[in-house]
Structure formats: structure tokens, C-alpha cells
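Engineer: One structure, as C-alpha cells, below. Some questions next.
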Amino acid sequence: MNYTQTLEFLFTAMPSFQRVGGDAYKPGLERVAAFCHHLGNPQRNFYTIHVAGTNGKGSVSHMLASILREAGYRTGLFTSPHLVDFRERIRVDGEMIPKQRVTNFVNKHREKMQQLDLSFFEMTAAMAFDYFDQSDVEVAVIETGLGGRLDATNIITPLVSVVTNVAMEHTEYLGDSIEKIASEKAGIIKKSIPIIIGQRNESYNATFERRAAELNSRVIYAEDEFVLRGIEHFDNENQHFSVERMRDNRTFELDIDLLGDYQRHNIITACAAADYLAELTPLTISRRAFREGLAHAAANTSLMGRWQVIASEPYTVCDTGHNADGIRYVAEQLNNLDTDRIFAVMGFAKDKDLDAILKLLPTRAHYIFTRASIDRARSVEDIAAAAEGLGLDFECVATVSEAVARAKSLALATDTIFIGGSNFVIAEVEEIIAKLAAE
């Protein structure tokens, strides 16, 4: 098979959660463990950091990978979902896995993958472990896909585990309460290996503390280790944070090339994790690597879709926040923008709590609801029906490209265009950007 045929096989024989939702979900570690045993257990041949959470785990994973790269380590990064290219999921020192390596892996192990009836995510995680091992990776940052306890990535034994936060998500798979969802995410805690909690919350603190106590593991609350003292936004590419390390009251002045007000939470989590790695593991991370890693996090890892500024006139930004907790932060930032008008192009997945999301959206914006060209996307008719009576000013446009064009036709140079609500919507926008850049 060539690369195109390989991807077709992966997306059809092994449907991804990204494309079809719950039909692709296969909980349990037996299949992926058996497959990795078949591969020689490559996940045991390098250090790992395990990152879970409802929101922010992607940003934190990219920050940590960038810091480790700046520290001089050959660094792997496994994340999901991808936006434009499948290979975004698997990177070494910021570079995507080569197409030929994807093809070779599938050609070599296709029969075994089918024999074990692997899910798309299980296959992808195993491919990442194998590629990292073959690429002489020294340390890899591994982001969970769904939950934690039964996630395919949970066969690793990391230097430290990280949970950014917990909110209501994927309740049909993880449980119908914060406590149940937290219990699933606490499943990544390993015996005697600390867990860093990015945002403490009385609704789930006890869940993590109880599980950690059972495994003789230490719970580290990031907010007890570092405190944010100030934020400064000084352009459309960077923001500046002043943070204090509580154990010695040392202040760090940090720049980061990731925008979005919600990064104030993620940077504290990343600081706590990097500090732990530097102080209490075999890894060496200098202050220079710490600062430079954060300053170039997006550039070093090619992170897209986190309050990503596309144009300045009109100010045009996209963000992948796609559940109620993530949309809440996006809505706050939209409300605080100093702009004449806001035109928001938004689409949503079928399995999201649409009512909860729509109630969070600022009423000052004009919404252009649309549908991404993927089966899992919600129809504009469903969105319109839910939006009726909520005081939102909206219209519906059939496709993402048409919706973006509509927003551009309405907006003046002093206005703002926001694009978001779903990874699928952002993916189509990123494809348009990539094509324009190639021309």
C-alpha cells in the first residue's frame, strides 16, 4: 500500500473516534498491551510524561515537549486529534512522522492489528511508541485520548502524571458526574509516581487524593507550587506571564507564543510539571530551557488552533475549544475584546452538550452557524433549533468555507471574526490556510 491507501485502510478498517464518535471507542488495555508486546514493548525504552484532562492537556503537552527539546533531549510528542494531517499526532523534535514510516508500519503489522481487532487510537498509540523507540527518543510526552484508566496510552509508566482539570465530558463513556469522570482520569496514577493536578477543585480533589493514597503516590497541586502574578498581552503572537515559585518565592518572567486567556491555567500546570522533572527526576532542565521552551512552544511543536490569529484586519482568530468548559473560557475572552462587532462562525459535533454550550455564548456577537463536512458534525438545523429563544443573533450557512466567506463579507476592519466550536470546523479552516500558503 502507498500512503494514501494506508490512510484509507486506517480510517475505514479502524474507524477513529474523531470521525465517527462512540462507535470507534474500545475501552480496555488488553489489545494494545498485546500489540505492544508483539512490537517488543517499545514504550519501555524511553522516559515518558503522561498528560490527561478535560481541557488544556494539548497545550500543556506541547509546552512540556518544547521545554524538553530546548533542554537538549530528543523529544517525542503524541497528541490527538489531528487537524489537517494524520501525522500531526506523532512528532519527534517537532517534526511529523514521515509518510513512509506510517506506510511501512501498517504494511508490516497489518495482519496482527486486524487479528487483535485494534481500534484506530490503539493502533496510533502503538505506532507512536514504536516510532519513538526507532528514532532514539529520550523522553516523550504522551497525551491521553479519552479518559485515562482505560485509555490505550495507559500502558506506560511515566516519570510523572499530569491531569490539567476535570469537567463534564463524554459522559456516556466516562460517567455522568464529575466524581466518576475524575475517577477515570485518576486511573493514570501509577504506584509511587506523583500526579500533578493543574486546577484544584473541591468536586474532584478527594477522588485523586484517595486513588493516590492507595498507590502511595504524591498529589501535587500546581497552584500550590506556582502562582500567577501578572499577565501582559503585547501583540498578536505572544503574551507575557509573571509567575512566582512558592517554595523559594522566586519570580519568573515568561513569554509564550500561545495566545488565549485560558493559557494562564495551562502555564501554571506546565511550570509545576517542568519544575518537578528538573528537581526530582533524572532529567536536567535549565532555566534557559524552561524559558525558551515556553517562549517557542507553538513554533517548536507546530501547535495550531489555540486562539490562533489568522488575520489582523479584521482581527480573525480560531480556537479548538469544543466542550462547555472550553467554550466558557473562549466566551469570556470574546466578551472582553475591544472591538466594534463580533462575527462568530461556529459548528459543533453531534455528541456535545449543545444547550450548555449555546447558553455560554456572548449575546453581543452575530453567529453564523455551519456544519463541517464530516458525519460526526451536527446539522445547522439542529443548531438553529437549539439557539431559538436564547437571544442569539444568528444565521445558518451550509459549509465552513461559505460561512467564513460570509463573515468576511460582513466584517469591517475594526470588527472581529471568530471561528470555532469544533475541531472539525478548525480543521477545514487550517486546510484552507495551508492551501493558500502553498500557492
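What the sequence shown shows, in my numbering, is residues 1013 to 1451, in sequence order.
Even for Gly, the Cβ is constructed at its ideal location relative to N, Cα and C.
1. Are the beta-carbon atoms belonging to A1309 and M1075 less than 9 Å from one another?
2. Spatial neighbours of A1423 within its chain, please: CB distance less than 6 Å, with the 5 preceding and 5 following residues excluded, ordered by chain position.
3. Locate the alpha helix (DSSP H) running through L1306, then write down its first and last residues.
4. Touch check for the segment 1327-1337 and the segment 1293-1307: three-plus C-beta pairs under 8 Å?
5. Assuming G1199 contacts R1161 under a Cβ cut-off of 8 Å, what Cβ separation, rounded to an integer in Å, is found between them?
6. Assuming A1361 and T1382 make a contact with CB atoms under 8 Å, what is their CB distance in whole Å?
7. Going by DSSP, name the residue or residues bridged to L1266.
8. With a cut-off of 8 Å on the beta carbons, I'd call V1149 and T1087 a contact; round off their distance for me.
9. Which residue comes first and which comes last in the beta strand (DSSP E) that contains F1430?
10. Can you give me the C-alpha to C-alpha distance between L1315 and L1270, rounded to a whole angstrom?
11. Over the uninterrupted beta strand (DSSP E) stretch that includes L1089, give me the two end residues.
12. When DSSP builds the beta bridges, which residues end up paired with M1108?
13. Given a cut-off of 9 Å on the beta-carbon distance, is the pair T1018 and V1118 in contact?
14. Do E1172 and Y1288 have their CB atoms nearer than 9 Å?
15. From this set, A1396, K1420, T1016, which residue's C-alpha is nearest E1407's C-alpha?
16. Of the choices I1369, R1318, I1322, whose alpha-carbon is the least far from that of A1343?
17. Kindly list the residues whose CB is nearer than 8 Å to the CB of K1192, restricted to its own chain and excluding five residues on each side of it in sequence; keep chain order.
18. Y1059 to L1080, Cα distance in whole Å?
19. At the level of alpha carbons, what is the spacing between R1113 and L1051?
20. Please state whether DSSP places G1242 in a helix, a strand or coil.
21. Could you tell me the boundaries of the beta strand (DSSP E) in which D1405 lies?
22. Taking 8 Å as the limit between beta carbons, can you name the residues of its chain near L1366, skipping five residues before and five after?
23. Along the chain, where does the alpha helix (DSSP H) containing H1094 start, and where does it finish?
24. Compare the Cα-Cα distances from Q1373 to each of I1268, I1109, H1245, R1340 and report the closest residue.
Structural biologist: A quick look at the data gives this:
1. As a first step, residue 1309 must be located in the sequence shown, where it is residue number 297. As a first step, residue 1075 must be located in the sequence shown, where it is residue number 63. Yes; because the gap between Cβ atoms is below 9 Å, this pair is in contact.
2. Your numbering for residue 1423 matches position 411 in the sequence shown. Closer than 6 Å at Cβ, skipping near neighbours: P1326, F1355, I1429.
3. In the sequence shown, counting from the first residue as 1, residue 1306 sits at position 294. Per DSSP, the unbroken alpha helix (DSSP H) holding L1306 starts and ends at 1299-1307.
4. no
5. Position 187 of the sequence shown, counted from the start, is the residue given in the question as residue 1199. Position 149 of the sequence shown, counted from the start, is the residue given in the question as residue 1161. Approximately 2 Å separates the beta-carbon atoms of G1199 and R1161; this is inside 8 Å, confirming the contact.
6. The residue given as residue 1361 occupies position 349 in the sequence shown. The residue given as residue 1382 occupies position 370 in the sequence shown. That pair is no contact at about 13 Å.
7. Taking the first residue of the sequence shown as position 1, residue 1266 is located at position 254. Partner(s): F1253.
8. Position 137 of the sequence shown, counting from 1, holds the residue named residue 1149. Position 75 of the sequence shown, counting from 1, holds the residue named residue 1087. With 8 Å as the limit, V1149 and T1087 qualify as a contact, their Cβ atoms being about 7 Å apart.
9. The residue given as residue 1430 occupies position 418 in the sequence shown. Taken as a continuous stretch (DSSP letters only), the beta strand (DSSP E) holding F1430 covers 1428-1432.
10. For the purposes of this step, residue 1315 is taken as residue 303 along the sequence shown, with counting starting at 1. For the purposes of this step, residue 1270 is taken as residue 258 along the sequence shown, with counting starting at 1. Straight-line Cα distance between these residues: approximately 9 Å.
11. Start at 1 with the first residue of the sequence shown, and residue 1089 comes out as number 77. 1087-1090 is the extent of the beta strand (DSSP E) around L1089.
12. Here residue 1108 is taken as the residue at index 96 of the sequence shown, counted from 1. According to DSSP, which records beta bridges pairwise, M1108 is partnered with R1103.
13. In the sequence shown, the residue the question calls residue 1018 occupies position 6. In the sequence shown, the residue the question calls residue 1118 occupies position 106. Yes, these two residues count as a Cβ contact at 9 Å.
14. The residue you call residue 1172 lines up with position 160 of the sequence shown. The residue you call residue 1288 lines up with position 276 of the sequence shown. Sequence inspection shows Val at residue 1172; the Glu mentioned does not correspond to that position. Taking 9 Å as the Cβ cut-off, V1172 and Y1288 qualify as a contacting pair.
15. Within the sequence shown, the letter at position 395 stands for residue 1407. Ranking A1396, K1420, T1016 by Cα distance to E1407 puts A1396 first.
16. The residue labelled residue 1343 in the question sits at position 331 within the sequence shown. Taking only the C-alpha atoms, the option nearest A1343 is I1369.
17. Residue mapping note: residue 1192 aligns to position 180 of the sequence shown, counting from 1. The residues are L1186.
18. Counted from its first residue, the sequence shown places residue 1059 at position 47. Counted from its first residue, the sequence shown places residue 1080 at position 68. Going by the C-alpha atoms only, they are around 11 Å apart.
19. In the sequence shown, residue 1113 corresponds to position 101, counting from 1. In the sequence shown, residue 1051 corresponds to position 39, counting from 1. Distance between the alpha carbons of R1113 and L1051: 15 Å.
20. Against the sequence shown, residue 1242 aligns to sequence position 230. DSSP places G1242 in strand when its eight states are reduced to three.
21. Position 393 of the sequence shown, counted from the start, is the residue given in the question as residue 1405. Note, D1405: beta strand (DSSP E), 1405-1408.
22. Residue numbering aside, residue 1366 sits at position 354 when the sequence shown is read from its first letter. Spatial neighbours of L1366 in its own chain (CB-CB distance under 8 Å, excluding positions within 5 residues in sequence) are listed in chain order as F1360, R1390, D1394, I1395, A1398.
23. The sequence position of residue 1094 within the sequence shown is 82, counting from 1. Where H1094 is concerned, there is no enclosing alpha helix (DSSP H), given that its DSSP letter is neither H nor E.
24. Against the sequence shown, residue 1373 aligns to sequence position 361. Note that residue 1373 is Leu in the sequence shown, not Gln. Answer by Cα proximity: R1340.
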